[in-house]
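Q:
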Amino acid sequence: MKALTTTGLVLAFALASVAQSGMLLFQPGPGQNNGSDQGGWTDGKDTWTWELTGQGYPSAPEIAASPVSTTNTNQYKAYMQFDFATLPYDVDSVILRVHFKSNACSCVSNCTAPFYFYYLNEAWDESTLDWNNAPMEGMSFAGPFWLTAPNDYGVVEIDFTDPYQEWAHGRRNNYGFVVYSPQMGDNNGEVSFRIHSSDHWDEDKRPALMIYPTEKNNVLDVATWSKDDRFMAQRANPGGALSQDEKPSNSLMSPEDYMSSLMSQLDANTVELNGYPNPAVNYYTVEGLNSTDQVQWFDLQGRMIQPSVQYGFDGEHQYDVSALPSGVYLIEVRKGNATQQLRMVKAG
C-alpha cells in the first residue's frame, strides 16, 4: 500500500498497488445536458447544486461541494455518474483522476474539512437536478479527504476500485455518487471540493477513470457484460447498427440475430479461443483458430472494423491494433454453426 499523493497534497488515504499492465483511460466528454446524458464516452454526467439559489448547474465547466453550513445557505454538493456498459468487467484497479480548480479565497471559517464520496440510491436527471429534489444518499465509499482553503491541488488521483466493481458487477444499482463534507460550521470563504467537469473545454482537465483490466479474457457473457441482457451494440445504437462499409456483406447483423449467434452452443469438440495480451497496445494474438474460421471485429457502436493481420497460420493469428482508438472491441469467430466471442481492451 502507498499513500495517495497529488501535486502539493498528501491525502490521508491508502491506494492499492496498481497493476503494471496497459491502462484504459475513460474520460467522458460534454453531453447534451438535456437529461439524456448517462456518463458514457460522449455524454458526461455531472453537475452541482447550491442551496443559496436552489438551482443545479449541469453545463458548468466545474462542479463543487462544501461543508454543511449552520449559519447560512451557502452550501453545495457535487454529483457524478459513469456508465459502465462499455467498460471492462474484470479489473485489477481503477483510479479516479480529477483536476482541482485553484481556490485563492480569503477563508474566514470552515477553512479545513473532511470530504466524503457517498453512493446515491435513486436515479437523477442531470438537467433538472436542483437543491430541493436531490436523490436519496447512501453510505460513503471514499474519504475522508482533508482539504484546506486556500489551495491549488492540481491533479488528484483517488482509488476507485471498490465502487467500480460494485457497479460494474451489478452488486449495486448504478446511480452515481455525491461529494460533500458533513462537517458543520459557518461557511464563510469556506474550503471546497471544486474540480473541472466533463463540460470543461480543456479535455485534459475533465474527470477520468484510469482502468487497469486483468489479464483474464473470458468469452463474452452478455448477461454480465452488458448488465441488461442486451448486446452492447444494441445498447449503444438502439434498433441495430449497420457498418458504413459499402459492402452489405460486411454489415453487422440485426441485434436479435447476433444475440442468437452469440448464445449458440459450441460443439463439444470445438477448441476454445484465447486472446492475449489483454489489454493490448500494439498487437493482439488469437489462438484456437483454424483455416475455415470466419473472424470479424466490431467496435461498441456496432461498426465492423478489420485490423491488419501481422501474421497468420493455422491455429493462431496476430493482429496489428496499434492504430485503433482506446476502447473495448468484440471479436466474433464463427466455427461452422457455432460462434465464439472475445473482448479486447485497447490501451495506450
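Here the sequence shown is numbered in our numbering, starting from 3 and rising by one per residue.
Think of the CB as a built atom: it goes at the ideal place given N, C-alpha and C, for glycine as much as any other residue.
Computed from a prediction, not measured in an experiment: that's the story for all the values here.
Hey, would you say Phe170 sits closer than 8 Å to Phe86, going by beta carbons?
A: The amino acid occupying residue 170 in the given sequence is Ala; Phe does not appear at that position. Going by C-beta atoms, Ala170 is nearer than 8 Å to Phe86.
Q: Starting from Asp94, trace the beta strand (DSSP E) both ways and give me its first and last residue.
A: Val93 to His101
Q: From this set, Phe84, Asn280, Gln312 and Glu192, which residue's C-alpha is nearest Asn153's C-alpha?
A: Answer by Cα proximity: Glu192.
Q: Determine, for Ile307, whether the minimum Cβ-Cβ distance to residues of chain D falls below 8 Å.
A: Here chain D cannot be found, since the structure has a single protein chain.
Q: Can you tell me where the alpha helix (DSSP H) holding Glu205 begins and where it ends?
A: Run containing Glu205: none; DSSP gives neither H nor E here.
Q: To the nearest angstrom, how far is it from the Cα of Gly2 to the Cα of Gln83?
A: In the structure displayed, the chain extends from 3 to 350; residue 2 sits before or after that span and is not available.
Q: What did DSSP end up calling Ala170 once you bin it into helix, strand or coil?
A: Looking at Ala170 - three-state DSSP - the assignment turns out to be helix.
Q: Can you grab the Cα-Cα spacing for the pair Asp161 / Asn74, in whole Å?
A: 33 Å
Q: Which residues does DSSP pair with Leu149 in a beta bridge?
A: Ala115
Q: Is the beta carbon of Thr49 sitting closer than 8 Å to the one on Glu128?
A: yes
Q: Suppose you measure from the CA of Gln167 to the CA of Val93; what does that come to, to the nearest Å?
A: 8 Å
Q: Spatial neighbours of Glu124 within its chain, please: CB distance less than 7 Å, with the 5 preceding and 5 following residues excluded, ordered by chain position.
A: Cβ within range, chain order: Pro137, Met138 and Tyr177.
Q: Since I believe Ser183 is in contact with Ser68 (beta carbons under 8 Å), could you give me their beta-carbon distance rounded to a whole number of angstroms?
A: 7 Å
Q: Does DSSP put Trp126 in a helix, a strand or coil?
A: coil
Q: Among Thr216, Gly187 and Ser310, whose alpha-carbon lies nearest the alpha-carbon of Tyr278?
A: Thr216
Q: With which residues is Gly187 paired in a DSSP beta bridge?
A: Ser71
Q: How would you write the range of the beta strand (DSSP E) that Met25 sits in, first residue to last?
A: No beta strand (DSSP E) contains Met25, which DSSP labels as neither H nor E.
Q: Tell me, please, which residues DSSP counts as bridged to Met141.
A: Partner(s): none; Met141 has no beta bridge.
Q: Go ahead and label Thr226 buried or exposed: buried means 16 or more other beta carbons lie within 10 angstroms of its beta carbon, across all protein chains shown.
A: Confidence in Thr226 is poor, its pLDDT being 36 and thus under 50, which makes the residue's placement unreliable; the coordinate value appears in the next sentence. Exposed, since its Cβ has fewer than 16 Cβ neighbours within 10 Å.
Q: Consult DSSP for Trp52 and reduce its assignment to one of helix, strand or coil.
A: It is a strand residue.
Q: With distances taken between CB atoms, is the gap from Gly58 to Asp132 smaller than 8 Å?
A: Yes; because the gap between Cβ atoms is below 8 Å, this pair is in contact.
Q: Buried or exposed for Asp204, please, with buried defined as at least 16 other CB atoms from any protein chain shown within 10 angstroms of its CB.
A: exposed
Q: Can you have a look at Ser108 and say buried or exposed, based on whether 16 or more other CB atoms are within 10 angstroms of its CB?
A: The C-beta of Ser108 has fewer than 16 other C-beta atoms within 10 Å across all chains shown, which makes the residue exposed.
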